[in-house]
Amino acid sequence: MKIFVVGLNHRSAPLDIREKLAFDTTETIRALRQLKNSFPEAEFVLLSTCNRVELYCATKVSREAALDLAGFFAESRKVALDDFREFLYVHEDESAVWHLLAVASSLDSMVVGESQIIAQVKESYRLACTAKSTGKILNRLFHCAFRTCKKVHTNTSIATRRVSVAGVAVQLAEQLFPNINSAKIVVIGAGETGKLLVQHLLHSNCTDITVVNRSYDRAVEMARRHRITAAPWEHLNRLLLRADIVATAATTQNFLFNKDSFKKIMEQGIGKPLLVIDIAVPRNFAPTINEIENVYLYSIDDLAEVIQKNIKLREEDMEQASAIIGEKVNEFMQWFGVRDIGPLVGQMKQRFHKIAQNELQRFFVEQEEIGSLDRENVEVVVERIINRLAHGIIEDVNVVANRHGQEEAIKIVNGILEKAEDLCAAALDEGLTNL
């Protein structure tokens, strides 16, 4: 089996490509089930966030065949493969393992140390379990990623200094709007990102915040929790007229506003400047809205300068985190290299114990005066010797598997099994002869 990840992210692909290939929860489960039906022997997990769309796969196919999985993105999202082929990357085996662990630990995030990604990775794995598209290899790999993230956040200061894309968005708003604490702010979307936007705005001492969401009850719940204002979706246009800043992260497949519709709204106002920070993927505001007079639109990819400063502050943390990831990658690859040998090793240990039992039985028959206590002690000592010998052999088999591949290691274990079988058969024959 091989492990692959095929995908694109904020480094390799522009926002207009990422949003075309994004999957929501329902689409993710449907796509995973389709993949599993088409490739029943393979395992799949699909990770789709604002910054990346990645398909993790454990399969017997070659790297070239794995590249064909890119066609899955094209077919699922109804986007021509030639439109995004140049932005794709493929990681294989150790490189794929490293990539997932770095993603889960937020080292590969647009904002290093951001807190949302591990929840998103866990959710993508949960969806794969729901779709029954994962298996032994990806189960172990994703749980390894969860443990790695925990160790990175425990042993570095990334967790204590972590921020999110929402936090960087508010930092940008502070730079562009000096009196942000007195600004009238509308937050569109009451999901996780919307919640983070509100938290960071409150931390910046903003007091006039109104949250708008399609589900009014959810907006009211967020407003109650953070002591801000909630408004029904149908009041959004009116709120935009009085707003100084709009921060938006609503889940939608189409633009909430295009240039024409937004221009009509703005023409009803007094012509004051409006800052719009759109960190939704797919975007909520059409990019052409930036052409409207007095409207200043920033998307998630426009946060790059603030984000680069964030990365420089975390260089030392990233080095420490990389060392932890390297350690965990090695651990996983050691398991991956010998995973199919486990059952054979179990058979080998059973044969050893069988040989020991045969020899002990013959010994006890010959020693008629041995007591029950002495018998138990002898059995314990022999059991301990067998386990130690088996452990030494297993370590050597693992070394062979890692250096020369599973096939060579399997040959060695099979050879030992054959000899053990011969010894068991010989002992049985000898026992029958002595009857």
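For the sequence shown, counting from 1, position 169 maps to 176 in the numbering used here; every step adds exactly one.
No residue lacks a Cβ here, since even glycine has one placed at the ideal position from N, Cα and C.
- request: Label ASN394 either buried or exposed according to how many other C-beta atoms from any shown protein chain fall within 10 Å of its C-beta, with 16 as the threshold for buried.
  value: For the purposes of this step, residue 394 is taken as residue 387 along the sequence shown, with counting starting at 1. ASN394 is exposed by the Cβ-count criterion.
task: For the segment 216–228 and the segment 182–189, state whether three or more C-beta atom pairs, one from each stretch, are separated by less than 8 Å.
output: These segments do not touch.
- prompt: Within this structure, are the beta carbons of ARG84 and ASN16 separated by less than 8 Å?
  reply: Position 77 of the sequence shown holds residue 84. Position 9 of the sequence shown holds residue 16. Not in contact: ARG84 and ASN16 (Cβ atoms no closer than 8 Å).
- prompt: Roughly how many whole angstroms lie between the Cα atoms of GLY78 and ALA87?
  reply: Locating residue 78 in the sequence shown gives position 71, where the first residue counts as 1. Locating residue 87 in the sequence shown gives position 80, where the first residue counts as 1. The straight-line gap from Cα to Cα measures roughly 9 Å.
- request: Given a cut-off of 8 Å, decide if TRP105 and ILE336 are closer than it, judged by their beta-carbon atoms.
  value: Counting from 1 along the sequence shown, the entry for residue 336 is found at position 329. Counting from 1 along the sequence shown, the entry for residue 105 is found at position 98. Note that residue 336 is Val in the sequence shown here, rather than Ile. For VAL336 and TRP105, yes; Cβs fall inside 8 Å.
message: Measuring alpha carbon to alpha carbon, tell me which residue in LEU54, PRO350 and TYR63 is nearest GLN123.
response: The residue you call residue 123 lines up with position 116 of the sequence shown. Here the closest residue by C-alpha is LEU54.
message: Can you tell me which residues form a DSSP beta bridge with LYS67?
response: As a working mapping, residue 67 is identified with position 60 in the sequence shown. In the DSSP output, where bridge partners are listed per residue, LYS67 has none listed.
- request: State the DSSP-derived secondary structure class of ARG59, mapped to helix, strand or coil.
  value: As a first step, residue 59 must be located in the sequence shown, where it is residue number 52. The answer is strand: DSSP assigns ARG59 an E or B state.
- request: Check whether the Cβ atoms of GLU26 and VAL283 lie closer than 8 Å to each other.
  value: Locating residue 26 in the sequence shown gives position 19, where the first residue counts as 1. Locating residue 283 in the sequence shown gives position 276, where the first residue counts as 1. Here GLU26 is not near VAL283, since their CB atoms are 8 Å or more apart.
- request: Just the C-alpha distance for ALA197 and TRP240, rounded to the nearest angstrom, thanks.
  value: Taking the first residue of the sequence shown as position 1, residue 197 is located at position 190. Taking the first residue of the sequence shown as position 1, residue 240 is located at position 233. Taking the straight line from one Cα to the other gives about 12 Å.
- prompt: How big is the Cα-Cα spacing for TYR63 and VAL12?
  reply: Counting from 1 along the sequence shown, the entry for residue 63 is found at position 56. Counting from 1 along the sequence shown, the entry for residue 12 is found at position 5. Between TYR63 and VAL12, the C-alpha separation is close to 4 Å.
task: For PHE91, I'd like the list of residues in its chain whose CB is within less than 6 Å of its CB, leaving aside the five on either flank, ordered along the chain.
output: Position 84 of the sequence shown, counted from the start, is the residue given in the question as residue 91. Answer for PHE91: ILE24, listed in chain order.
Backbone CA spacing between VAL302 and LEU243 [nearest angstrom]: In the sequence shown, the residue the question calls residue 302 occupies position 295. In the sequence shown, the residue the question calls residue 243 occupies position 236. For VAL302 and LEU243, the distance between alpha carbons rounds to 17 Å.
message: Quick check on DSSP: helix, strand or coil for GLY14?
response: What you label residue 14 is simply residue 7 of the sequence shown in a count that begins at 1. Strand.
task: Report the rounded CA-to-CA distance for ALA176 versus GLU334, giving the unit in angstroms.
output: Position 169 of the sequence shown, counting from 1, holds the residue named residue 176. Position 327 of the sequence shown, counting from 1, holds the residue named residue 334. Cα to Cα, ALA176 sits roughly 34 Å from GLU334.
field: SER4 (DSSP reduced to helix, strand or coil)
entry: Residue 4 is absent from the model: the chain starts at 8 and stops at 442.
query: Which residue from LYS139, ALA29 and LEU208 puts its Cα closest to that of ALA81?
result: The residue labelled residue 81 in the question sits at position 74 within the sequence shown. The option with the nearest alpha carbon to ALA81 is ALA29.
field: 7 Å CB neighbourhood of ALA20 in its chain, flanking five on each side removed
entry: Translated into the one-based positions of the sequence shown, residue 20 becomes position 13. So the list reads PHE91 and PHE94, once near-sequence residues are dropped.
task: With DSSP collapsed to three states, give me the class of THR255.
output: Walking along the sequence shown from the start, residue 255 turns up at place 248. In the structure shown, THR255 sits in a strand (DSSP, three-state: E or B).
- prompt: Apart from the five residues on each side of it in sequence, which residues of its chain come closer than 8 Å, Cβ to Cβ, to THR440?
  reply: Within the sequence shown, residue 440 is the residue found at index 433, counting from 1. Because the pLDDT of THR440 is 49, which lies under 50, any placement of that residue in the model is unreliable, and the number read from its coordinates should be weighed accordingly. None.
message: For the structure I just gave you, are there three or more beta carbon pairs, one from the segment 125–134 and one from the segment 36–54, closer than 8 Å?
response: yes
Span of the beta strand (DSSP E), counted from its first residue to its last, around THR473: The first residue shown for the chain is 8 and the last is 442, placing residue 473 beyond what the model contains.
- prompt: From this set, GLU323, PHE339 and PHE264, which residue's C-alpha is nearest ASN297's C-alpha?
  reply: Within the sequence shown, numbered from 1, the residue matching residue 297 stands at position 290. If we check each option's Cα against that of ASN297, PHE264 comes out closest.
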